[in-house]
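Visitor:
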């Protein structure tokens with residue numbers, strides 16, 4: 001197969017070139033002949049080729065028109081592949097079939113916003129296997145009390161079971177990036193576990209709590225404008241001391257605390273309407 005167009009730096013393109021690694025990623029994704037796969041950023045198509053061999057259908061989203069033209073020419077013989085020229089940051093993942101598996105080698109500069117867009121469309125996605133910057137991969141699996149533990153850790157582990165697969169040397173890419181990568185798998189939780197209102201509350205509490213890491217939970221939440229009386233009631237109801245800092249709470253404790261705050265109707269509903277929870 002001829003070489004694809006050279007990667008563009010402004011798009012953050014670094015193409016996987018190690019065939020052993022690519023096969024390892026596909027195996028980690030646990031695909032079957034019934035699986036619908038959405039690949040974000042196929043680039044030169046090395047991973048796309050293996051996905052088409054393993055899955056029932058592959059939808060490849062590519063923003064670079066040069067790559068789209070190259071892929072359509074090189075992979076025209078795959079009847080189970082659709083290549084769509086689109087920016088993944090603008091794509092509506094809600095339109096995907098139920099139980100879609102997302103596989104992606106994500107550009108470092110958009111990995112976090114893409115991840116949150118995928119979480120927003122979690123009703124259609126069963127799992128994600130993502131190759132991302134190693135530092136971000138470690139943040140996703142970080143535990144309370146560690147330096148890497150933060151908003152991304154809590155939200156990811158709230159929405160999915162997160163598993164670190166394996167590190168990836170920078171020399172497995174063309175061109176060679178400045179940092180190493182890691183492959184992460186996120187198996188999305190049952191979406192009936194939390195309502196939209198509960199999720200909205202949870203996200204607000206986590207972002208507010210980590211917004212000022214040096215502050216206690218009490219000072220962070222009160223500083224955001226939440227009434228002190230409501231915070232005292234939540235502390236009494238949960239047994240979670242608000243003198244603690246955000247990085248000491250487990251994901252489950254954040255769930256309990258956000259639920260305790262949410263049930264204080266109409267106090268919390270009135271408060272949420274006065275702030276930006278996005």
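Numbering (my numbering), first residue to last: 1 to 278.
Idealized CB from N, CA, C, for every residue including glycine.
Since this is a predicted model, take the numbers as computed values, not measurements.
(1) Quick check on the burial criterion: 16 or more other C-beta atoms within 10 angstroms. Buried or exposed for residue 251?
(2) Could you compute how far the alpha carbon of residue 66 sits from the alpha carbon of residue 5?
(3) Kindly indicate which three-state DSSP category residue 117 falls into: helix, strand or coil?
(4) Along the chain, where does the beta strand (DSSP E) that runs through residue 184 open and close?
(5) Let me confirm a value: residue 176 is counted as buried when at least 16 other C-beta atoms fall within 10 Å, else exposed. Which label applies?
(6) Counting only the same chain and skipping the five closest in sequence on each side, list residues whose C-beta sits under 8 Å from that of residue 211.
(7) Give a yes or no on whether the C-beta atoms belonging to residue 114 and residue 88 are separated by under 8 Å.
(8) With DSSP collapsed to three states, give me the class of residue 20.
(9) Is the beta carbon of residue 93 sitting closer than 8 Å to the one on residue 118?
(10) According to DSSP, is residue 216 part of a helix, a strand, or is it coil?
(11) Would you list the residues sitting across from residue 67 in a DSSP beta bridge?
(12) In this structure, does DSSP put residue 11 in helix, strand or coil?
(13) Given 8 Å as the limit, is there contact between the stretch 199-218 and the stretch 151-168, that is, 3 or more CB pairs closer than that?
(14) Is residue 140 near residue 206, with beta carbons less than 8 Å apart?
(15) CA-CA distance, residue 233 and residue 260?
(16) Is it right to say residue 64 is buried, meaning 16 or more other beta carbons lie within 10 angstroms of its own, or is it exposed?
(17) Measuring alpha carbon to alpha carbon, tell me which residue in 166, 111, 188 and 95 is nearest residue 159.
(18) Cβ atoms of residue 80 and residue 56: under 8 Å apart, would you say?
(19) Using a threshold of 8 Å, state whether the C-beta atoms of residue 7 and residue 13 are closer than that.
(20) Can you give me the C-alpha to C-alpha distance between residue 91 and residue 15, rounded to a whole angstrom?
(21) Over what stretch of residues does the beta strand (DSSP E) that includes residue 129 continue unbroken?
Guide: Checking against the coordinates, here is how it stands:
(1) buried
(2) 7 Å
(3) helix
(4) 181-188
(5) exposed
(6) 220 and 224
(7) yes
(8) helix
(9) yes
(10) strand
(11) Bridge partners of residue 67: none, in fact.
(12) helix
(13) yes
(14) no
(15) 8 Å
(16) buried
(17) 188
(18) yes
(19) yes
(20) 21 Å
(21) 125-133
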